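Scroll down for the structure; my scribbles are underneath it.
In the working numbering, the protein residues as written are 215 to 720.
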(Lines of atoms letter the chains of each structure in order from A and count residues from 1; the text may use other names and numbers.)
(Lines give C-alpha, C1' and ligand atoms only; values in the text may rest on other atoms or scores of the structure.)
Protein backbone atom coordinates (compact mmCIF):
# COMPACT_ATOMS: atom_id res chain seq x y z
CA UNK A 1 0.00 0.00 0.00
CA UNK A 2 1.36 3.43 -0.96
CA UNK A 3 1.36 5.96 1.89
CA UNK A 4 0.26 9.39 0.67
CA UNK A 5 2.00 12.34 2.26
CA UNK A 6 -0.68 14.65 3.59
CA UNK A 7 0.60 18.16 2.96
CA UNK A 8 -2.73 20.01 2.86
CA UNK A 9 -4.59 21.65 5.74
CA UNK A 10 -8.18 22.80 5.40
CA UNK A 11 -9.57 25.81 7.24
CA UNK A 12 -13.33 26.11 7.75
CA UNK A 13 -14.40 29.65 8.60
CA UNK A 14 -12.23 32.43 7.22
CA UNK A 15 -12.42 34.80 10.15
CA UNK A 16 -9.46 36.43 11.88
CA UNK A 17 -8.42 33.12 13.45
CA UNK A 18 -8.89 31.26 10.15
CA UNK A 19 -6.58 33.67 8.37
CA UNK A 20 -4.02 33.43 11.19
CA UNK A 21 -3.86 29.62 11.07
CA UNK A 22 -3.45 29.78 7.27
CA UNK A 23 -0.56 32.18 7.69
CA UNK A 24 1.07 29.85 10.24
CA UNK A 25 0.71 26.61 8.29
CA UNK A 26 1.70 28.29 5.03
CA UNK A 27 4.98 29.25 6.70
CA UNK A 28 5.42 25.61 7.77
CA UNK A 29 5.20 24.53 4.13
CA UNK A 30 1.62 23.24 3.96
CA UNK A 31 -0.88 23.97 1.25
CA UNK A 32 -3.84 25.64 2.93
CA UNK A 33 -7.33 25.51 1.47
CA UNK A 34 -10.10 27.65 2.90
CA UNK A 35 -13.88 27.24 3.13
CA UNK A 36 -16.49 29.75 4.20
CA UNK A 37 -20.28 29.69 3.88
CA UNK A 38 -20.34 33.41 3.11
CA UNK A 39 -20.42 33.55 -0.68
CA UNK A 40 -19.89 37.34 -0.57
CA UNK A 41 -16.77 37.27 1.62
CA UNK A 42 -14.26 39.84 0.39
CA UNK A 43 -11.04 37.95 -0.40
CA UNK A 44 -8.18 40.46 -0.17
CA UNK A 45 -4.45 40.04 -0.77
CA UNK A 46 -3.89 38.62 2.73
CA UNK A 47 -6.06 35.64 1.87
CA UNK A 48 -4.42 35.17 -1.52
CA UNK A 49 -0.97 35.16 0.09
CA UNK A 50 -1.71 32.27 2.46
CA UNK A 51 -4.41 30.11 0.87
CA UNK A 52 -3.70 28.00 -2.19
CA UNK A 53 -7.46 27.82 -2.87
CA UNK A 54 -10.57 29.38 -1.34
CA UNK A 55 -14.09 27.98 -1.67
CA UNK A 56 -17.04 30.23 -0.80
CA UNK A 57 -20.64 29.17 -0.34
CA UNK A 58 -21.97 25.65 -0.80
CA UNK A 59 -19.52 23.38 -2.63
CA UNK A 60 -20.04 20.46 -5.03
CA UNK A 61 -19.27 16.99 -3.72
CA UNK A 62 -16.08 16.58 -5.76
CA UNK A 63 -14.57 19.54 -3.85
CA UNK A 64 -15.72 18.13 -0.51
CA UNK A 65 -14.28 14.71 -1.41
CA UNK A 66 -10.76 16.16 -1.51
CA UNK A 67 -10.96 16.79 2.24
CA UNK A 68 -10.28 13.08 2.84
CA UNK A 69 -6.66 13.76 1.84
CA UNK A 70 -6.15 16.62 4.31
CA UNK A 71 -3.85 16.36 7.31
CA UNK A 72 -6.25 18.43 9.45
CA UNK A 73 -9.47 20.35 9.13
CA UNK A 74 -9.13 23.44 11.31
CA UNK A 75 -12.46 24.92 12.40
CA UNK A 76 -13.00 28.55 13.44
CA UNK A 77 -14.99 29.15 16.67
CA UNK A 78 -18.11 30.51 14.97
CA UNK A 79 -18.75 27.43 12.81
CA UNK A 80 -21.58 25.12 14.01
CA UNK A 81 -20.38 21.75 15.28
CA UNK A 82 -22.74 19.90 12.92
CA UNK A 83 -21.54 21.64 9.76
CA UNK A 84 -21.64 19.22 6.76
CA UNK A 85 -17.93 19.68 6.04
CA UNK A 86 -17.09 18.73 9.63
CA UNK A 87 -19.31 15.67 9.39
CA UNK A 88 -17.67 14.58 6.14
CA UNK A 89 -14.14 15.08 7.51
CA UNK A 90 -14.95 12.96 10.54
CA UNK A 91 -16.47 10.24 8.37
CA UNK A 92 -13.12 10.09 6.55
CA UNK A 93 -11.19 10.05 9.85
CA UNK A 94 -9.58 13.42 9.12
CA UNK A 95 -8.69 15.10 12.45
CA UNK A 96 -11.07 18.02 13.08
CA UNK A 97 -9.40 20.54 15.39
CA UNK A 98 -9.81 24.09 16.60
CA UNK A 99 -7.44 26.93 15.80
CA UNK A 100 -6.12 26.61 19.37
CA UNK A 101 -5.14 22.97 18.82
CA UNK A 102 -3.66 23.79 15.41
CA UNK A 103 -1.42 26.50 16.87
CA UNK A 104 -0.46 24.35 19.85
CA UNK A 105 0.82 21.59 17.55
CA UNK A 106 3.50 23.99 16.28
CA UNK A 107 4.70 25.17 19.71
CA UNK A 108 7.84 23.87 21.42
CA UNK A 109 7.65 22.54 24.97
CA UNK A 110 9.85 25.40 26.19
CA UNK A 111 6.97 27.83 25.89
CA UNK A 112 4.75 28.33 28.95
CA UNK A 113 0.99 28.35 28.38
CA UNK A 114 -1.59 29.55 30.88
CA UNK A 115 -5.15 28.71 29.83
CA UNK A 116 -8.24 30.40 31.26
CA UNK A 117 -11.83 29.41 30.63
CA UNK A 118 -15.20 29.76 32.36
CA UNK A 119 -18.63 31.13 31.66
CA UNK A 120 -17.90 34.55 33.15
CA UNK A 121 -14.83 36.50 34.18
CA UNK A 122 -12.33 34.82 31.87
CA UNK A 123 -11.39 37.99 29.96
CA UNK A 124 -10.71 39.95 33.15
CA UNK A 125 -8.78 37.06 34.73
CA UNK A 126 -6.73 36.56 31.55
CA UNK A 127 -5.89 40.26 31.39
CA UNK A 128 -4.92 40.46 35.07
CA UNK A 129 -2.64 37.41 34.80
CA UNK A 130 -1.05 38.84 31.66
CA UNK A 131 -0.41 42.18 33.37
CA UNK A 132 1.00 40.52 36.50
CA UNK A 133 3.45 38.50 34.39
CA UNK A 134 4.32 41.54 32.30
CA UNK A 135 5.37 43.29 35.53
CA UNK A 136 8.20 40.72 35.76
CA UNK A 137 9.45 41.90 32.34
CA UNK A 138 8.86 38.40 30.95
CA UNK A 139 8.21 37.90 27.25
CA UNK A 140 4.44 37.38 27.53
CA UNK A 141 1.53 37.42 25.06
CA UNK A 142 -2.24 37.64 25.56
CA UNK A 143 -4.27 35.75 22.97
CA UNK A 144 -7.17 33.43 22.20
CA UNK A 145 -10.83 34.28 22.64
CA UNK A 146 -9.89 37.76 23.85
CA UNK A 147 -9.35 38.80 20.23
CA UNK A 148 -5.78 37.98 19.15
CA UNK A 149 -5.43 34.52 17.54
CA UNK A 150 -3.11 32.00 19.18
CA UNK A 151 -1.88 31.12 15.68
CA UNK A 152 -0.62 34.68 15.27
CA UNK A 153 1.50 34.29 18.41
CA UNK A 154 2.78 30.91 17.19
CA UNK A 155 3.73 32.51 13.86
CA UNK A 156 5.51 35.47 15.46
CA UNK A 157 7.34 33.37 18.05
CA UNK A 158 8.26 30.33 15.96
CA UNK A 159 11.97 30.96 16.50
CA UNK A 160 11.66 32.13 20.10
CA UNK A 161 12.02 30.11 23.28
CA UNK A 162 11.04 30.88 26.87
CA UNK A 163 7.94 32.88 26.07
CA UNK A 164 4.69 32.80 28.02
CA UNK A 165 1.26 32.83 26.41
CA UNK A 166 -1.87 33.68 28.41
CA UNK A 167 -4.86 32.25 26.54
CA UNK A 168 -8.52 33.02 27.07
CA UNK A 169 -10.40 29.96 25.83
CA UNK A 170 -14.05 29.47 24.89
CA UNK A 171 -15.99 26.21 24.96
CA UNK A 172 -16.02 26.27 21.14
CA UNK A 173 -12.23 26.40 21.03
CA UNK A 174 -11.77 23.70 23.67
CA UNK A 175 -14.33 21.26 22.30
CA UNK A 176 -12.16 20.55 19.27
CA UNK A 177 -8.88 20.03 21.14
CA UNK A 178 -7.34 16.60 21.52
CA UNK A 179 -3.88 17.30 22.91
CA UNK A 180 -3.77 20.95 24.01
CA UNK A 181 -1.95 21.39 27.32
CA UNK A 182 -1.49 24.43 29.52
CA UNK A 183 0.95 24.35 32.43
CA UNK A 184 -1.49 26.43 34.48
CA UNK A 185 -5.21 26.03 33.82
CA UNK A 186 -7.92 28.21 35.38
CA UNK A 187 -11.68 27.62 35.34
CA UNK A 188 -13.47 30.65 36.77
CA UNK A 189 -17.00 29.21 36.94
CA UNK A 190 -19.47 27.25 34.83
CA UNK A 191 -23.11 28.22 34.40
CA UNK A 192 -25.58 27.84 31.54
CA UNK A 193 -24.35 29.46 28.32
CA UNK A 194 -24.22 28.72 24.59
CA UNK A 195 -26.88 26.03 24.91
CA UNK A 196 -28.13 27.19 21.52
CA UNK A 197 -24.96 25.65 20.03
CA UNK A 198 -23.91 22.83 22.33
CA UNK A 199 -26.01 19.69 22.17
CA UNK A 200 -26.52 19.75 25.94
CA UNK A 201 -25.39 21.47 29.13
CA UNK A 202 -23.20 18.46 29.86
CA UNK A 203 -21.50 18.84 26.48
CA UNK A 204 -20.83 22.51 27.27
CA UNK A 205 -19.38 21.67 30.70
CA UNK A 206 -17.20 18.85 29.41
CA UNK A 207 -15.80 21.14 26.71
CA UNK A 208 -14.66 23.51 29.45
CA UNK A 209 -13.21 20.73 31.60
CA UNK A 210 -11.03 19.50 28.72
CA UNK A 211 -8.67 22.30 29.73
CA UNK A 212 -7.66 20.16 32.73
CA UNK A 213 -7.52 16.69 31.26
CA UNK A 214 -4.35 16.95 29.15
CA UNK A 215 -2.21 18.40 31.93
CA UNK A 216 0.77 16.53 33.36
CA UNK A 217 1.62 15.79 36.97
CA UNK A 218 3.96 18.79 37.13
CA UNK A 219 1.18 21.19 36.01
CA UNK A 220 -1.40 23.16 38.03
CA UNK A 221 -5.16 23.52 37.77
CA UNK A 222 -7.12 26.25 39.55
CA UNK A 223 -10.86 25.80 40.06
CA UNK A 224 -13.68 27.60 41.82
CA UNK A 225 -14.55 25.47 44.84
CA UNK A 226 -17.90 27.24 45.24
CA UNK A 227 -18.99 26.13 41.78
CA UNK A 228 -21.27 23.11 42.12
CA UNK A 229 -21.19 22.38 38.40
CA UNK A 230 -17.42 21.93 38.37
CA UNK A 231 -17.48 19.61 41.38
CA UNK A 232 -20.36 17.62 39.89
CA UNK A 233 -18.87 17.02 36.44
CA UNK A 234 -15.13 17.00 37.15
CA UNK A 235 -13.72 13.52 36.53
CA UNK A 236 -10.95 13.30 39.11
CA UNK A 237 -9.58 10.09 37.60
CA UNK A 238 -8.61 12.12 34.51
CA UNK A 239 -6.66 14.68 36.55
CA UNK A 240 -2.90 14.45 36.88
CA UNK A 241 -2.09 18.05 37.83
CA UNK A 242 -1.95 19.67 41.27
CA UNK A 243 -5.19 21.41 42.21
CA UNK A 244 -5.46 24.93 43.56
CA UNK A 245 -8.76 26.40 44.73
CA UNK A 246 -10.34 29.78 45.22
CA UNK A 247 -13.50 30.98 46.90
CA UNK A 248 -14.73 34.23 48.46
CA UNK A 249 -15.66 33.08 51.95
CA UNK A 250 -15.01 34.54 55.39
CA UNK A 251 -11.84 32.72 56.42
CA UNK A 252 -12.62 32.84 60.15
CA UNK A 253 -15.88 30.92 59.63
CA UNK A 254 -14.22 27.97 57.91
CA UNK A 255 -11.63 26.84 60.45
CA UNK A 256 -12.82 23.23 60.33
CA UNK A 257 -13.20 22.80 56.58
CA UNK A 258 -11.01 20.77 54.28
CA UNK A 259 -9.14 23.74 52.80
CA UNK A 260 -6.43 23.23 55.42
CA UNK A 261 -5.49 20.00 53.67
CA UNK A 262 -5.36 21.55 50.22
CA UNK A 263 -2.00 22.58 48.87
CA UNK A 264 -3.04 25.95 47.47
CA UNK A 265 -5.98 28.19 48.22
CA UNK A 266 -6.96 31.80 47.51
CA UNK A 267 -9.73 33.38 49.55
CA UNK A 268 -11.12 36.66 50.85
CA UNK A 269 -11.99 37.19 54.52
CA UNK A 270 -13.86 40.48 54.16
CA UNK A 271 -10.77 42.61 54.67
CA UNK A 272 -7.90 40.94 52.86
CA UNK A 273 -7.08 38.46 50.13
CA UNK A 274 -5.04 35.49 51.28
CA UNK A 275 -3.13 32.74 49.58
CA UNK A 276 -2.86 29.65 51.75
CA UNK A 277 -0.56 26.67 51.44
CA UNK A 278 -1.91 23.71 53.41
CA UNK A 279 -3.85 26.09 55.63
CA UNK A 280 -0.92 28.41 56.30
CA UNK A 281 -1.02 31.95 54.96
CA UNK A 282 1.84 32.62 52.53
CA UNK A 283 0.56 35.94 51.16
CA UNK A 284 -1.90 38.56 52.38
CA UNK A 285 -3.18 41.65 50.60
CA UNK A 286 -5.48 44.00 52.55
CA UNK A 287 -7.91 45.64 50.17
CA UNK A 288 -7.40 48.84 52.18
CA UNK A 289 -3.92 48.98 50.59
CA UNK A 290 -5.47 49.26 47.12
CA UNK A 291 -6.43 52.55 45.46
CA UNK A 292 -8.48 51.11 42.59
CA UNK A 293 -12.15 51.34 43.66
CA UNK A 294 -13.07 48.35 41.49
CA UNK A 295 -11.29 46.04 43.92
CA UNK A 296 -12.28 47.71 47.19
CA UNK A 297 -15.74 46.12 47.38
CA UNK A 298 -17.14 42.64 46.99
CA UNK A 299 -18.24 41.89 43.45
CA UNK A 300 -17.04 40.57 40.12
CA UNK A 301 -13.67 42.34 40.11
CA UNK A 302 -12.63 41.10 43.54
CA UNK A 303 -13.85 37.61 42.64
CA UNK A 304 -11.77 37.68 39.45
CA UNK A 305 -8.70 38.83 41.36
CA UNK A 306 -8.58 35.63 43.46
CA UNK A 307 -7.77 33.11 40.68
CA UNK A 308 -5.59 35.70 38.94
CA UNK A 309 -3.38 36.13 42.00
CA UNK A 310 -3.22 32.40 42.64
CA UNK A 311 -2.18 31.72 39.04
CA UNK A 312 0.49 34.41 39.27
CA UNK A 313 1.72 32.99 42.58
CA UNK A 314 2.10 29.54 41.00
CA UNK A 315 3.79 31.03 37.94
CA UNK A 316 6.25 33.05 40.05
CA UNK A 317 7.06 30.57 42.80
CA UNK A 318 6.87 27.21 41.07
CA UNK A 319 7.42 27.77 37.35
CA UNK A 320 9.84 30.71 37.28
CA UNK A 321 11.11 30.53 40.87
CA UNK A 322 11.16 34.30 41.36
CA UNK A 323 9.93 36.53 44.19
CA UNK A 324 6.22 37.26 44.50
CA UNK A 325 6.58 41.04 44.63
CA UNK A 326 3.85 42.83 46.57
CA UNK A 327 4.55 46.31 45.19
CA UNK A 328 4.33 45.14 41.57
CA UNK A 329 1.07 43.34 42.35
CA UNK A 330 -0.48 46.43 43.93
CA UNK A 331 0.71 48.60 41.03
CA UNK A 332 -0.94 46.28 38.49
CA UNK A 333 -4.22 46.22 40.43
CA UNK A 334 -4.30 49.98 40.91
CA UNK A 335 -3.55 50.61 37.22
CA UNK A 336 -6.12 48.08 36.00
CA UNK A 337 -8.75 49.52 33.65
CA UNK A 338 -11.94 47.52 33.01
CA UNK A 339 -12.24 45.91 29.62
CA UNK A 340 -14.44 47.82 27.22
CA UNK A 341 -18.09 47.51 28.23
CA UNK A 342 -17.40 45.20 31.13
CA UNK A 343 -19.25 46.49 34.17
CA UNK A 344 -18.39 50.10 34.92
CA UNK A 345 -20.14 53.28 35.93
CA UNK A 346 -20.60 55.44 32.83
CA UNK A 347 -21.82 58.69 34.34
CA UNK A 348 -23.80 60.19 37.21
CA UNK A 349 -26.50 62.81 37.16
CA UNK A 350 -28.25 63.77 40.38
CA UNK A 351 -29.49 60.57 41.97
CA UNK A 352 -29.07 58.63 38.74
CA UNK A 353 -26.03 56.49 37.92
CA UNK A 354 -25.63 54.62 34.63
CA UNK A 355 -23.84 51.25 34.59
CA UNK A 356 -22.70 49.59 31.37
CA UNK A 357 -22.12 45.83 31.30
CA UNK A 358 -22.83 45.02 27.68
CA UNK A 359 -20.41 42.08 28.03
CA UNK A 360 -22.92 40.38 30.36
CA UNK A 361 -24.05 38.01 27.62
CA UNK A 362 -25.61 35.36 29.84
CA UNK A 363 -27.98 35.43 32.79
CA UNK A 364 -25.41 34.45 35.40
CA UNK A 365 -23.36 37.48 34.34
CA UNK A 366 -26.47 39.65 34.69
CA UNK A 367 -26.93 38.41 38.25
CA UNK A 368 -23.26 39.13 39.05
CA UNK A 369 -23.69 42.66 37.68
CA UNK A 370 -26.67 43.29 39.94
CA UNK A 371 -24.73 41.96 42.94
CA UNK A 372 -21.77 44.19 42.16
CA UNK A 373 -23.94 47.30 41.82
CA UNK A 374 -25.66 46.44 45.12
CA UNK A 375 -22.30 46.09 46.87
CA UNK A 376 -21.13 49.35 45.30
CA UNK A 377 -24.05 51.22 46.83
CA UNK A 378 -23.71 49.53 50.22
CA UNK A 379 -19.95 50.15 50.30
CA UNK A 380 -20.65 53.85 49.76
CA UNK A 381 -23.23 53.98 52.54
CA UNK A 382 -26.29 54.09 50.27
CA UNK A 383 -29.08 52.09 51.86
CA UNK A 384 -32.06 53.36 49.86
CA UNK A 385 -31.09 52.31 46.36
CA UNK A 386 -32.97 50.87 43.41
CA UNK A 387 -31.93 49.27 40.13
CA UNK A 388 -33.65 49.56 36.76
CA UNK A 389 -32.38 46.63 34.72
CA UNK A 390 -32.14 46.56 30.91
CA UNK A 391 -32.07 43.05 29.42
CA UNK A 392 -32.21 41.74 25.86
CA UNK A 393 -30.35 40.21 22.97
CA UNK A 394 -30.35 36.62 21.76
CA UNK A 395 -30.97 34.06 24.54
CA UNK A 396 -28.38 31.29 24.70
CA UNK A 397 -30.86 28.46 25.21
CA UNK A 398 -32.24 25.82 22.89
CA UNK A 399 -35.80 26.80 23.91
CA UNK A 400 -37.49 29.61 25.82
CA UNK A 401 -38.70 27.28 28.58
CA UNK A 402 -35.09 26.73 29.69
CA UNK A 403 -34.56 30.49 29.68
CA UNK A 404 -37.68 30.94 31.87
CA UNK A 405 -36.43 28.38 34.38
CA UNK A 406 -32.99 29.97 34.57
CA UNK A 407 -34.42 33.43 35.25
CA UNK A 408 -36.74 32.08 37.94
CA UNK A 409 -33.83 30.26 39.58
CA UNK A 410 -31.28 33.08 39.44
CA UNK A 411 -33.36 36.14 40.31
CA UNK A 412 -35.61 34.90 43.09
CA UNK A 413 -35.18 37.26 46.04
CA UNK A 414 -34.09 40.28 44.01
CA UNK A 415 -37.47 42.02 44.17
CA UNK A 416 -36.25 44.41 46.85
CA UNK A 417 -33.34 45.55 44.67
CA UNK A 418 -35.10 45.95 41.33
CA UNK A 419 -37.40 48.87 40.61
CA UNK A 420 -38.19 47.30 37.27
CA UNK A 421 -36.92 45.22 34.36
CA UNK A 422 -37.07 46.52 30.79
CA UNK A 423 -36.52 44.19 27.85
CA UNK A 424 -35.38 45.30 24.41
CA UNK A 425 -34.99 43.76 20.98
CA UNK A 426 -36.47 40.80 19.15
CA UNK A 427 -36.54 38.54 22.22
CA UNK A 428 -37.61 41.13 24.80
CA UNK A 429 -40.66 39.08 25.85
CA UNK A 430 -38.56 35.96 26.40
CA UNK A 431 -36.50 37.86 28.97
CA UNK A 432 -39.33 39.84 30.53
CA UNK A 433 -42.13 37.31 30.98
CA UNK A 434 -40.42 35.17 33.66
CA UNK A 435 -39.90 38.27 35.83
CA UNK A 436 -43.69 38.58 36.16
CA UNK A 437 -43.44 35.87 38.82
CA UNK A 438 -41.55 38.25 41.11
CA UNK A 439 -44.23 40.99 41.41
CA UNK A 440 -41.97 43.81 40.27
CA UNK A 441 -43.45 47.28 40.00
CA UNK A 442 -42.46 47.80 36.36
CA UNK A 443 -42.07 45.33 33.50
CA UNK A 444 -41.88 46.49 29.89
CA UNK A 445 -40.79 45.09 26.53
CA UNK A 446 -39.53 47.32 23.70
CA UNK A 447 -38.38 46.78 20.13
CA UNK A 448 -35.11 48.62 20.66
CA UNK A 449 -32.63 49.55 23.36
CA UNK A 450 -33.21 53.23 22.63
CA UNK A 451 -36.89 52.96 23.61
CA UNK A 452 -36.06 50.88 26.68
CA UNK A 453 -33.46 53.42 27.80
CA UNK A 454 -35.91 56.30 27.38
CA UNK A 455 -38.46 54.48 29.53
CA UNK A 456 -35.82 53.66 32.14
CA UNK A 457 -34.98 57.35 32.51
CA UNK A 458 -38.69 58.23 32.81
CA UNK A 459 -39.13 55.62 35.55
CA UNK A 460 -36.08 56.95 37.37
CA UNK A 461 -37.62 60.43 37.43
CA UNK A 462 -40.92 58.99 38.67
CA UNK A 463 -39.24 57.04 41.48
CA UNK A 464 -36.46 59.39 42.57
CA UNK A 465 -38.28 60.59 45.68
CA UNK A 466 -38.29 57.01 47.00
CA UNK A 467 -34.54 56.43 46.69
CA UNK A 468 -31.22 58.05 47.50
CA UNK A 469 -29.62 56.51 44.39
CA UNK A 470 -31.01 54.83 41.28
CA UNK A 471 -28.92 52.68 38.96
CA UNK A 472 -29.87 52.25 35.32
CA UNK A 473 -28.00 49.04 34.54
CA UNK A 474 -27.39 47.55 31.12
CA UNK A 475 -26.66 43.86 31.76
CA UNK A 476 -28.45 42.21 28.83
CA UNK A 477 -28.09 38.50 29.57
CA UNK A 478 -28.07 37.63 25.86
CA UNK A 479 -25.82 37.81 22.81
CA UNK A 480 -25.86 41.09 20.90
CA UNK A 481 -26.67 39.81 17.42
CA UNK A 482 -30.35 40.79 17.23
CA UNK A 483 -29.69 44.55 17.09
CA UNK A 484 -25.89 44.84 17.07
CA UNK A 485 -22.82 43.29 15.50
CA UNK A 486 -21.03 42.80 18.82
CA UNK A 487 -21.24 43.39 22.55
CA UNK A 488 -18.83 46.28 22.03
CA UNK A 489 -21.17 47.96 19.54
CA UNK A 490 -24.06 47.46 21.96
CA UNK A 491 -22.05 48.95 24.81
CA UNK A 492 -21.05 51.95 22.70
CA UNK A 493 -24.69 52.52 21.76
CA UNK A 494 -25.68 52.58 25.44
CA UNK A 495 -22.79 54.94 26.18
CA UNK A 496 -24.04 57.30 23.46
CA UNK A 497 -27.57 57.19 24.89
CA UNK A 498 -26.21 58.20 28.30
CA UNK A 499 -24.17 61.04 26.77
CA UNK A 500 -27.20 62.32 24.84
CA UNK A 501 -29.30 62.34 28.01
CA UNK A 502 -26.62 64.25 29.94
CA UNK A 503 -26.29 66.86 27.17
CA UNK A 504 -29.99 67.60 27.47
CA UNK A 505 -29.62 68.11 31.22
CA UNK A 506 -26.59 70.40 31.18
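Yeah, the Cβ is synthetic: ideal placement off N, Cα and C, and Gly gets one too.
Note that the structure is a prediction, hence the values are computed from the model and not measured.
Judged by pairs of C-beta atoms under 8 Å, the segment 390-405 does not touch the segment 594-613, as fewer than three such pairs exist.
Between residue 400 and residue 525, the C-beta gap is smaller than 8 Å, which places the two residues in contact. Segment contact: the segment 347-365 against the segment 311-329, three or more CB-CB distances shorter than 8 Å; contact assigned. With contacts defined as CB atoms closer than 8 Å, residue 420 and residue 386 fail to qualify as a contacting pair. Counting along the chain, residue 241 sits inside the alpha helix (DSSP H) bounded by residues 230-241. Judged by DSSP secondary structure, residue 353 falls outside any beta strand (DSSP E); it is assigned neither H nor E. Distance from the CA atom of residue 328 to the CA atom of residue 344, rounded to whole angstroms, is 9 Å. Of the other Cβ atoms in all chains shown, 16 or more fall within 10 Å of the Cβ of residue 286; this residue is therefore buried. By the C-beta criterion, the segment 331-344 is judged to be in contact with the segment 545-565, since at least 3 inter-stretch pairs fall below 8 Å.
Annotated as proximal: residue 350 and residue 536, with beta-carbon spacing under 8 Å. The beta carbons of residue 226 and residue 261 sit about 14 Å from each other, so the pair does not count as a contact at 8 Å. Under the three-state reduction of DSSP output, residue 659 falls in the strand class.
Out of 660, 461 and 615, the CA that lies nearest to the CA of residue 635 is found in 660.
Residue 601 is positioned such that its CB atom lies closer than 8 Å to that of residue 687. The beta-bridge partner set that DSSP reports for residue 438 consists of 460.
Relative to residue 684, the option among 650, 567, 666 and 231 whose CA is nearest is 567. Between residue 575 and residue 674, the C-beta spacing is not below 8 Å. With a cut-off of 8 Å on Cβ pairs, the segment 293-312 is not in contact with the segment 483-500, counting fewer than three such pairs. Here residue 596 carries a coil assignment [DSSP, helix/strand/coil]. Cβ contact annotation for residue 706 (same chain, cutoff 6 Å, sequence separation greater than five): none. In this structure, the beta-carbon distance from residue 360 to residue 404 does not fall below 8 Å. The segment 476-496 makes contact with the segment 515-531: 3 or more CB pairs, one atom from each, lie closer than 8 Å. Residue 382 is bridged by DSSP to 330 and 358.
By the criterion of at least three beta-carbon pairs nearer than 8 Å, the segment 580-596 is not in contact with the segment 412-427. Looking at the DSSP output, residue 500 shares a beta bridge with 486. Going by C-alpha positions, residue 416 is about 23 Å away from residue 298. By the C-beta criterion, the segment 575-584 is judged not to be in contact with the segment 651-669, since fewer than 3 inter-stretch pairs fall below 8 Å. With a 10 Å radius around the Cβ and a threshold of 16 neighbouring Cβ atoms, residue 663 comes out buried. One Cα belongs to residue 281, the other to residue 224, and the distance between them is close to 7 Å.
Annotation: the segment 414-438 contains the following complete segments of the alpha helix (DSSP H) (minimum length 4 residues), in chain order: 415-427.
Rounded to the nearest whole angstrom, the CA to CA distance from residue 623 to residue 259 is 51 Å. In the DSSP annotation of this structure, residue 679 is not part of any beta strand (DSSP E), being labelled neither H nor E. The residue from 638, 646 and 354 with its alpha-carbon nearest to that of residue 625 is 646.
In the structure shown, residue 286 adopts extended strand secondary structure according to DSSP, grouped into three states.
With fewer than 16 other Cβ atoms from the protein chains shown falling within 10 Å of its own Cβ, residue 714 counts as exposed. Taking a contact as a CB-CB distance under 8 Å, the pair residue 295 and residue 461 does not count as one, their CB atoms being some 33 Å apart.
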